[in-house]
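In mature numbering (1 follows the signal peptide of the UniProt record, and there is no 0), the protein residues as written are -25 to -1, 1 to 483.
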């Protein structure tokens, strides 16, 4: 029985997990949609896992009465029942509207070995036996729900089973005699096994699977100070073609979790069922992360020339800045610069169809590194607007495919959507990676990549007004984000108005 308990979770657990504002019913930050195609794939993989688990099962003993020819009635006992081999040929896992899932297994075969014993007054016979059980069919409906802690619940609401044929071969003391009335034994075997199948499933779900689900964590570590809450916002929702699982998706500080005033937006997924799995992330997830990382000071950075790739044409030196700020190079000839960035308030993302935007109000202070090892402040660059157009098509869990690399025919075949205030990733026919593998260091890595690999081309320079146009490649800061065009609106202030006057507009 214990092994059977492990077999059922292997089929269902991944679906429940890829299947709170503080109370159930709030909008989710993450939504996983598993279509009927995805469930079909899960059933195929689960069938292989279940088949291997069944070989570890010891079936319960059973006893009864049997009529022995020329001797009257006697008692029998079948014990030490082990599944020697099995073949699960067909399986199906389908969503049941407003309930959950329906699991069915058909046209299956198992071979059971064990010991038998027959008693009649002073007569005692015993030996071994082989049982071939053919044409096994099982159908069970699973009612999916959630509790106040955000953990999933499961109940076997109905179960039915059938067996087409049972063949028994007995050996041992007078086993040949018992084989003469094998029809009677086979009939009893078939009846007992048929009743025990659903009994075992019901017990496994209620006594093993459900208690196990209550031990599942609903938070996990992201790094040394941030965790993510992926508890269920509500019960998994099933229709005739899909199962949707809604997760809270709140990132919080592990040592002091504070109430979040942000509200998760409504995620309206399109009625798409062509892929196996769809995964949607709202800006709520990234914004809660922004609050945590800003509080920890993780968004602050410092860049010096040694951190810039050696092959870069742009250096953090006063000489390199001569085309933009000639006076800086004259006042501090051939000296290194240091850029120190800080974010006074947590930047908040906003997703909209086809693009994302954020107003970070980031301050970048520039210092000249004097020969005396002291730092001389020279100017401050203030980022007042950030906009990133999502011109990349989510193509797989690992890479983005730039749209300008697609011809018209390819674009028409790729149906991807960016619902309002949420991204929808249409994944390839593979189960997605667990969300716990996603690193929220991306935001910090982005700023690091941005400030260490800027390749600018000057278009217009004026005394009080300048425009610098630039495309920045972020391909190495996160493999999932290979092609994104970024637009920054910046203003430049100076520590000493007598030295520099350089308000500017950056379009990156």
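Even for Gly, the Cβ is constructed at its ideal location relative to N, Cα and C.
Beta-carbon spacing of residue i, residue j below 9 Å
i, j, result
"residue 169", "residue 136", "yes"
"residue 207", "residue 125", "yes"
"residue 303", "residue 278", "no"
"residue 223", "residue 39", "no"
"residue 326", "residue 257", "yes"
"residue 204", "residue 227", "yes"
"residue 176", "residue 115", "yes"
"residue 95", "residue 48", "yes"
"residue 22", "residue 80", "yes"
"residue 77", "residue 69", "yes"
"residue 178", "residue 10", "no"
"residue 181", "residue 145", "no"
"residue 196", "residue 229", "yes"
Proximity winner among the options, relative to residue i (alpha-carbon distances)
i, options, result
"residue 74", "307, 10, 345, 130", "130"
"residue 92", "332, 260, 53", "53"
"residue 484", "193, 182, 138, 140", "As displayed, the chain neither begins before -25 nor continues past 483, which places residue 484 out of reach and without an answer."
"residue 36", "51, 23, 350", "51"
"residue 342", "312, 119, 250", "312"
"residue 66", "254, 174, 15, 161", "15"
"residue 345", "24, 191, 293, 218", "293"
"residue 59", "250, 33, 48", "33"
"residue 352", "115, 306, 9", "306"
"residue 320", "309, 332, 338", "338"
"residue 7", "349, 300, 254", "254"
"residue 349", "356, 310, 179", "310"
"residue 245", "183, 217, 235", "217"
"residue 185", "332, 103, 118, 24", "118"
"residue 202", "233, 347, 57", "233"
Neighbourhood of residue i by C-beta distance below 6 Å, restricted to the same chain and skipping five residues each side
i, result
"residue 440", "In this prediction, residue 440 has a pLDDT of 22, which is less than 50 and means its spatial position is unreliable; what the coordinates show is noted afterwards. Answer for residue 440: no residue qualifies."
"residue 274", "268, 318"
"residue 231", "none"
"residue 159", "none"
"residue 120", "128, 210"
"residue 173", "134, 136"
"residue 242", "6, 255, 257, 397"
Residue i - containing alpha helix (DSSP H), residue span
i, result
"residue 248", "Counting along the chain, residue 248 falls outside any alpha helix (DSSP H), and DSSP gives it neither H nor E."
"residue 305", "301 to 306"
"residue 275", "Here residue 275 belongs to no alpha helix (DSSP H), and DSSP marks it neither H nor E."
"residue 265", "258 to 270"
"residue 14", "11 to 29"
"residue 186", "185 to 188"
Own chain residues within Cβ distance below 8 Å of residue i, not counting five before or after
i, result
"residue -1", "The pLDDT assigned to residue -1 is 46, lower than 50, so where the model puts this residue is not dependable; a value taken from the coordinates is nonetheless given after this. So the qualifying residues of the chain are 208, 209."
"residue 61", "26, 29, 30, 83, 84, 85, 86"
"residue 259", "2, 4, 224, 225, 237, 238, 239, 240"
"residue 19", "66"
"residue 248", "10, 11, 12, 216, 217"
Close Cβ partners of residue i (< 7 Å) along its chain, the five nearest in sequence each way excluded
i, result
"residue 55", "89, 90"
"residue 262", "237, 323, 324"
"residue 72", "213, 214, 215"
"residue 140", "109, 110"
"residue 161", "141, 142, 143"
"residue 138", "108, 110, 111, 165, 168, 169"
"residue 295", "289"
"residue 270", "228"
"residue 105", "86, 88, 144"
"residue 308", "293"
"residue 189", "126"
"residue 191", "126"
DSSP bridge partner residues for residue i (one or two, in chain order)
i, result
"residue 100", "93"
"residue 339", "316, 356"
"residue 120", "128"
"residue 175", "In the DSSP output, where bridge partners are listed per residue, residue 175 has none listed."
"residue 283", "Its beta-bridge partners do not exist; DSSP assigns none."
"residue 234", "In the DSSP output, where bridge partners are listed per residue, residue 234 has none listed."
"residue 69", "77"
"residue 294", "Its beta-bridge partners do not exist; DSSP assigns none."
"residue 228", "201"
"residue 158", "Per DSSP, none; premise fails for residue 158."
For residue i, the first and last residue of its enclosing beta strand (DSSP E)
i, result
"residue 209", "Counting along the chain, residue 209 falls outside any beta strand (DSSP E), and DSSP gives it neither H nor E."
"residue 310", "No beta strand (DSSP E) contains residue 310, which DSSP labels as neither H nor E."
"residue 239", "Note, residue 239: premise wrong, no beta strand (DSSP E); not H, not E."
"residue 2", "Residue 2 -> no beta strand (DSSP E), and no H or E assigned at all."
"residue 220", "217 to 222"
"residue 36", "No beta strand (DSSP E) holds residue 36; DSSP gives it neither H nor E."
"residue 288", "No beta strand (DSSP E) holds residue 288; DSSP gives it neither H nor E."
beta-carbon residue i near the ligand SAM non-hydrogen atom, thresh 8 Å
i, result
"residue 78", "With respect to the ligand SAM, the structure shown offers nothing to examine, as it has no ligands at all."
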